[in-house]
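With full-length UniProt numbering, the residue at position 169 of the sequence shown is 169, and numbering never jumps. Beta carbons: idealized from backbone N, C-alpha and C, even for Gly. To start, the structure itself, in structure tokens.
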Amino acid sequence: MSWAMVDYSLVKNPAFYAISRALTPRDVGISRNCPVWTSGHADPMSTNPCEFDLWVASSRQEAIEVEVNMKFISIRTGNLVSDNINVTTLANPIATTEILGNQCVKLSTTCDSAVNKDLDQIIILAELYVRGLVMATDTAWPQPLKYLDFSNRNVRVETSKFQDEITATAALPVKGFVFEEREGLKLSDNGFDLVLRDKKMITVRGKGTKAADLSWTYVGANLCHLG
């Protein structure tokens, strides 16, 4: 067992949940071009490529019709910055099905960063639907993250009456929202992104564990506490 997934006491790391999400029977993936990261010192927008590839993966033994919805979101405002892309296709059995390749976000007529220098840095979000239900999501952020401004995200975390559920929301996109793990704690998910002001509900299990006792943080934030 890799220490990247769990520690000596089998306390889970965020990588455990990322791998769990990727191993679901059906998944969706996005790949963005990643320029030489040092170019961001001179031109931060050079690390904001708008070219991407999109695919779905299925471990099922039969082909199934899936719908993929793509959204393009400003990190600064949280608003959509381009028209959504909706694709309906058949996911091949026990295979990866390529959907889009060398696609360019239609922010302008070109993917040249020099032309797009005044545009907001964006996230690419993909949602995979089967029979109208969300089966998987993926987000692609500009890299490296150190050039992104995560101030004033206005994150809200609330606990349920019985301290067994947590709801997390953010007014602006958040990368890598994570709860501090401990022995005996069981969370339904951890280490996820918050986008489009959606509510993320997490179940909390474990003897003597209360949701209000958990600390949380995200990329660019200080450690916060629910209590």
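- Item | Residue from A136, K200, K175, R153 whose Cα sits closest to the Cα of N69 | A136
- Message: Just to confirm before moving on: does the CB-CB distance between T89 and V130 stay below 9 Å?
- Response: no
- Taking C-alpha atoms, which residue in V219, A171, K207 lies nearest to L196? Minimum Cα distance to L196 is reached at A171.
- Message: If you reduce the DSSP assignment to three classes, tell me which class Y129 lands in.
- Response: DSSP, read as helix, strand or coil, puts Y129 in strand.
- Task: Say whether chain C places a C-beta atom closer than 9 Å to the C-beta of M135.
- Result: Absent from the structure: chain C. Only one protein chain is present.
- Message: From the DSSP secondary-structure annotation, give me the bridge partner or partners of E98.
- Response: Paired residues: W55.
- Task: Can you say whether L10 is buried or exposed, counting buried as having 16 or more other CB atoms within 10 angstroms of its CB?
- Result: exposed
- Message: In the DSSP output, what is A140 paired with across the bridge?
- Response: I124
- residue 246 - containing alpha helix (DSSP H), residue span: This structure gives no information on residue 246, because the portion of the chain shown stretches from 1 to 227.
- Item | Three-state secondary structure (DSSP) of K71 | strand
- Item | Distance CB(L128)-CB(E67) smaller than 9 Å | yes
- Exposure label - W3; buried when at least 16 CB within 10 Å: exposed
- When we look at the beta-carbon of N84 and count the other beta-carbons within 10 Å, is it buried (16 or more) or exposed? exposed
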